[in-house]
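Quick notes on the structure that follows.
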Ligand SMILES: Nc1ncnc2c1ncn2[C@@H]1O[C@H](COP(=O)(O)OP(=O)(O)OP(=O)(O)O)[C@@H](O)[C@H]1O
Ligand SMILES: [Mg+2]
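Residue numbers (this note's numbering): 1 to 165.
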């Protein structure tokens, strides 16, 4: 299956604040139907990005979200940020891609905003049209490398993710 993928950017995130700042910029781009895949090994910062996005949207919606739990066990956490709901999804514990469909993810993917940790677990159900971030450890404890790819019909605006861009 042809799946068009273009690397938009590779950024070095020098510390936690740099990762949180990327999450803030990402939050500002989101529209209903967006799928953001967050790949990377354990502890590389996928949840840090998801929490940063949720915190930023909560601030603009004046919604109180003191607690942003990791969905490691619940698999999905929902936040209402009209005009969409945001679904923070963590598929680490899913055994087979078919199990994911029981969560109703296809509806979220179409109508809402989905932030997906361990998106590889979806196999062929991973939406083709998505922004795909892949995190890697850097040279030090506190730094990370992130590669940002647009896949399928993801729109082109996202060079704005560059710091100060
Ligand atoms: N530059 C950085 N960016 C992101 N996280 C960082 C950075 N520097 C240090 N950290 C730390 O790395 C950890 C990242 O944890 P996080 O839970 O986000 O990882 P994860 O990719 O979601 O892992 P998992 O696969 O277990 O869900 C946090 O403890 C965070 O404080
Ligand atoms: Mg996580």
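Heads up, the beta-carbon is just placed ideally off N, CA and C, and yes, glycines get one too.
The DSSP-derived three-state label of residue 43 is coil. In the DSSP assignment, residue 144 forms a beta bridge with 13, 137.
In the structure shown, residue 117 falls within a strand segment according to DSSP collapsed to helix, strand and coil.
For ligand 2, no non-hydrogen atom lies closer than 7 angstroms to the CB of residue 134. For residue 42, the CB falls within less than 7 angstroms of some heavy atom of ligand 1. Residue 30 sits away from residue 22, with the two beta carbons spaced by 8 angstroms or more.
Counting C-beta pairs closer than 8 angstroms gives three or more between the segment 35–51 and the segment 129–148, which meets the contact rule. In this structure, residue 71 places its C-beta atom within 8 angstroms of the C-beta atom of residue 77.
In this structure, residue 141 has its beta carbon less than 7 angstroms from a heavy atom of ligand 1.
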